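*Asks:* First residue of the sequence shown: 1, per this note's numbering; consecutive thereafter. Heads up, the beta-carbon is just placed ideally off N, CA and C, and yes, glycines get one too. These numbers were taken from a predicted model, which means no experiment stands behind them. My questions all concern the structure below.
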Amino acid sequence: MIRKQILRYTANQRTNHWLVAILFFMAGLSGLALFHPALFWLNNLFGGGPWTRILHPFMGVVMFVFFLGLVVQFWRANYFIDNDRLWLRRIDRVMKNEEEGVPAIGKYNPGQKLLFWTLLLCMVALLFTGLVIWRAYFSEYFGITTIRWAMLLHALAGFVLILSIIVHIYAGIWIKGSVNAMLHGWVSRAWAKKHHELWCREVTREERPRSDPPLSKKG
Ligand code: HEM
């Protein structure tokens, strides 16, 4: 029997994703509270200044660990394939919602893939620079110049991460059905075919009766 719905995310993957999202907001807001006096009021969310300073690095480390869970599961699906280059060259058509001449893509589009690797880079940078500037445990092992550079890079990586997540959330809302997939796990066959045709063919291949002709390629 051919099912109308396709599973895009398992319950474990969804739980993992939303835990990272919650931790991102907690680590992000506490980080902003420590970043500039104008944002100091945000520390009220975490029990005051000292608590914010104590909790922020722990929230960051936990976020990193859960994020690694996403990386392990989605790593392969974010490798670039040949069609991705053409898709990027035709980005103007994608933005205009045109389908003509836009190549079929896999589980993620090149924009999502670029974002994935950017997130990973930011997370790794935040972890290492964060350890260097973690006064309570590690800063004593580093010189003041290293600590200053680490602080600058930490703020920079945090800034890029926040911007990337704003783009990520916007894109998720823009492509109707995406947020639902991350909430409930399922997408319609039509959604999969429209947005991720190669992935759709891959996951539905086993379901088609042997006599079926293969799905034709888009020009
Ligand atoms: C409120 C915040 C967030 C929303 C609304 C959101 C929404 C989504 C949606 C809808 C998808 C599914 C996209 C698809 O299947 O095509 C997704 C995937 C994903 N999200 Fe989020 N997300 C949020 C926060 C985050 C954060 C903070 C991170 C990590 C720092 C993150 C990392 C990912 C990753 C790695 C994927 C899989 C896509 C890939 O591997 O390329 N998300 N998100």
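Compute the distance between the beta-carbons of Trp186 and Gln73, then report whether it is under 7 Å.
*Replies:* To locate residue 186, count along the sequence shown from 1; it is residue 186. To locate residue 73, count along the sequence shown from 1; it is residue 73. Their beta carbons are not under 7 Å apart, which means Trp186 does not touch Gln73 by this criterion.
*Asks:* Could you tell me the distance, in whole angstroms, from the CA atom of Leu29 to the CA atom of His36?
*Replies:* Translated into positions along the sequence shown, residue 29 becomes position 29. Translated into positions along the sequence shown, residue 36 becomes position 36. Their backbone Cα atoms lie some 12 Å apart in a straight line.
*Asks:* Ignoring anything shorter than 3 residues or poking outside the region 118 to 145, list the beta strand (DSSP E) runs there in chain order.
*Replies:* None, since the region 118 to 145 contains no complete beta strand (DSSP E) of that length.
*Asks:* Taking the Cβ atom as the reference point for each residue, do Leu45 and Leu39 lie within a distance shorter than 7 Å?
*Replies:* By 1-based counting over the sequence shown, the position of residue 45 is 45. By 1-based counting over the sequence shown, the position of residue 39 is 39. Contact flag unset, no.
*Asks:* Would you call the region 71 to 85 in contact with the region 104 to 112, where contact means no fewer than 3 C-beta pairs closer than 8 Å?
*Replies:* Because the criterion of three Cβ pairs below 8 Å is met, the region 71 to 85 and the region 104 to 112 touch.
*Asks:* From Trp174, Thr10 and Gly60, pick the residue whose C-alpha is nearest to that of Cys122; which is it?
*Replies:* One-based indexing of the sequence shown puts residue 122 at position 122. Taking only the C-alpha atoms, the option nearest Cys122 is Gly60.
*Asks:* One question on the structure: do Ala192 and Cys200 come within less than 7 Å of each other, judged by their Cβ atoms?
*Replies:* What you label residue 192 is simply residue 192 of the sequence shown in a count that begins at 1. What you label residue 200 is simply residue 200 of the sequence shown in a count that begins at 1. Cβ atoms of Ala192 and Cys200: closer than 7 Å.
*Asks:* Determine, using beta carbons only, whether Leu126 and Ala157 come nearer to each other than 7 Å.
*Replies:* Indexing the sequence shown from 1 puts residue 126 at position 126. Indexing the sequence shown from 1 puts residue 157 at position 157. Contact flag set, yes.
*Asks:* Where Arg205 and Pro103 are concerned, what is the direct C-alpha to C-alpha distance, given to the nearest angstrom?
*Replies:* Residue numbering aside, residue 205 sits at position 205 when the sequence shown is read from its first letter. Residue numbering aside, residue 103 sits at position 103 when the sequence shown is read from its first letter. The alpha-carbon atoms of Arg205 and Pro103 are separated by roughly 19 Å.
*Asks:* Expressed to the nearest angstrom, what Euclidean distance is found between the alpha-carbon atoms of Asp92 and His56?
*Replies:* One-based indexing of the sequence shown puts residue 92 at position 92. One-based indexing of the sequence shown puts residue 56 at position 56. Cα to Cα, Asp92 sits roughly 40 Å from His56.
*Asks:* Roughly how far, in whole angstroms, is the beta-carbon of Thr129 from the beta-carbon of Leu153, given that I think they are within contact range, below 8 Å?
*Replies:* Reading the sequence shown from its first residue, position 129 is the one you call residue 129. Reading the sequence shown from its first residue, position 153 is the one you call residue 153. That belief holds up - the Cβ atoms of Thr129 and Leu153 are roughly 5 Å apart, short of 8 Å.
*Asks:* Is Ala150 closer than 7 Å to Ile133 when the C-beta atoms are compared?
*Replies:* Here residue 133 corresponds to residue number 133 of the sequence shown, with the count starting at 1. Here residue 150 corresponds to residue number 150 of the sequence shown, with the count starting at 1. Taking 7 Å as the Cβ cut-off, Ile133 and Ala150 qualify as a contacting pair.
*Asks:* The ligand HEM and Gly172: does the residue's C-beta get closer than 6 Å to at least one heavy atom of that ligand?
*Replies:* Position 172 of the sequence shown holds residue 172. Yes; taking the cut-off as 6 Å, the Cβ of Gly172 has a heavy atom of the ligand HEM nearer than that.
*Asks:* Going by alpha carbons, who is nearest to Phe58 out of Ser188, Ile173 and Tyr137?
*Replies:* By one-based count along the sequence shown, residue 58 stands at place 58. It is Tyr137.
*Asks:* Hey, quick one: how far does the beta strand (DSSP E) through Val187 stretch, first residue to last?
*Replies:* Along the sequence shown, one-based indexing puts residue 187 at 187. Element bounds for Val187: Trp186 to Ser188.
*Asks:* For Leu70 versus Asn16, is the C-beta distance shorter than 7 Å?
*Replies:* Residue numbering aside, residue 70 sits at position 70 when the sequence shown is read from its first letter. Residue numbering aside, residue 16 sits at position 16 when the sequence shown is read from its first letter. Closer than 7 Å, so yes.
*Asks:* Would you call the CB atoms of Val20 and Phe67 closer than 7 Å?
*Replies:* Position 20 of the sequence shown, counting from 1, holds the residue named residue 20. Position 67 of the sequence shown, counting from 1, holds the residue named residue 67. Closer than 7 Å, so yes.
*Asks:* For Ile105, which of helix, strand or coil comes out of DSSP?
*Replies:* To locate residue 105, count along the sequence shown from 1; it is residue 105. Reduced to three states, the DSSP call for Ile105 is coil.
*Asks:* Hey, would you say the C-beta of Phe24 is under 6 Å away from at least one heavy atom of the ligand HEM?
*Replies:* As a first step, residue 24 is located in the sequence shown; it is residue number 24 there, counting from the start. True, at least one ligand heavy atom lies under 6 Å from that Cβ.
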